[in-house]
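In our numbering, the protein residues as written are 1 to 248.
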């Protein structure tokens, strides 16, 4: 994965695929700030509110660097690709795409309990000038799908035996570590580690996550959710921030 420098926006991004990058890291003298919505908003409205939020602080739309979505249920592969067309259309309309590359990190998962009726914005990240030198970054969400968006690239597709789930969790953890390293980060930098699965999270975390992130001061947070594509069973994202905010 190639790291694309993007100094005019205040962050660099790790090569991903059409709908999202693999992660973002703040440039020197900048920091990434994470913002949770107190109440989720329909994704397009939520993205506009995120834009309003940064612009009201004297920043510009191109300083947005990450979005976190919650969808009603996992998509078919075709449905996911279709949603991504609409989503990327917003990024293109806002001139967020850089030389054909999507710089924006993203997580998109489906809550098991009380799912929304439509895809909603849960949180976003942006960059701003910083008065400290802490490394701040976002590792984009990823599940046990390696390569382009295709069913044949899902690890042990359709197998939910515990052995398969352990392998899936290990694959995802390795993906997270590769992305973290690609962003120049270390486990010790992390302040948030999120796990998304509807399966036996404590056992899978103990098997795949805890041993690899022993140097991190962050606790692992489990969300009872499913990844956004049918037959993907385990997803993670991670970040390192100095400030987190809650907004309406």
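From the three backbone atoms N, C-alpha and C, an ideal C-beta is built for every residue, glycine too. Since the model is a prediction, treat every value here as computed from it, not as a measurement.
Simplified DSSP assignment, three categories, for residue i
{"i": "residue 78", "result": "helix"}
{"i": "residue 132", "result": "coil"}
{"i": "residue 94", "result": "coil"}
{"i": "residue 19", "result": "coil"}
{"i": "residue 12", "result": "strand"}
{"i": "residue 50", "result": "helix"}
{"i": "residue 244", "result": "strand"}
{"i": "residue 202", "result": "helix"}
{"i": "residue 235", "result": "strand"}
{"i": "residue 33", "result": "strand"}
Neighbour-count burial assignment, residue i, 16 or more Cβ in a 10 Å radius
{"i": "residue 46", "result": "buried"}
{"i": "residue 73", "result": "exposed"}
{"i": "residue 162", "result": "exposed"}
{"i": "residue 197", "result": "buried"}
{"i": "residue 64", "result": "buried"}
{"i": "residue 85", "result": "exposed"}
{"i": "residue 229", "result": "buried"}
{"i": "residue 57", "result": "exposed"}
{"i": "residue 7", "result": "exposed"}
{"i": "residue 224", "result": "exposed"}
{"i": "residue 247", "result": "exposed"}
{"i": "residue 112", "result": "exposed"}
{"i": "residue 235", "result": "buried"}
{"i": "residue 233", "result": "buried"}
Beta-carbon proximity of residue i to residue j, cut-off 8 Å
{"i": "residue 182", "j": "residue 240", "result": "no"}
{"i": "residue 168", "j": "residue 179", "result": "no"}
{"i": "residue 173", "j": "residue 209", "result": "yes"}
{"i": "residue 17", "j": "residue 137", "result": "no"}
{"i": "residue 165", "j": "residue 213", "result": "no"}
{"i": "residue 123", "j": "residue 68", "result": "yes"}
{"i": "residue 94", "j": "residue 61", "result": "yes"}
Bridge partners - residue i, DSSP secondary structure assignment
{"i": "residue 64", "result": "126"}
Member of the options whose CA lies at the smallest distance from the CA of residue i
{"i": "residue 44", "options": "146, 53, 90, 233", "result": "90"}
{"i": "residue 146", "options": "63, 87, 53, 170", "result": "170"}
{"i": "residue 218", "options": "242, 128, 231, 61", "result": "242"}
{"i": "residue 135", "options": "4, 1, 24, 19", "result": "24"}
{"i": "residue 220", "options": "38, 190, 245, 60", "result": "190"}
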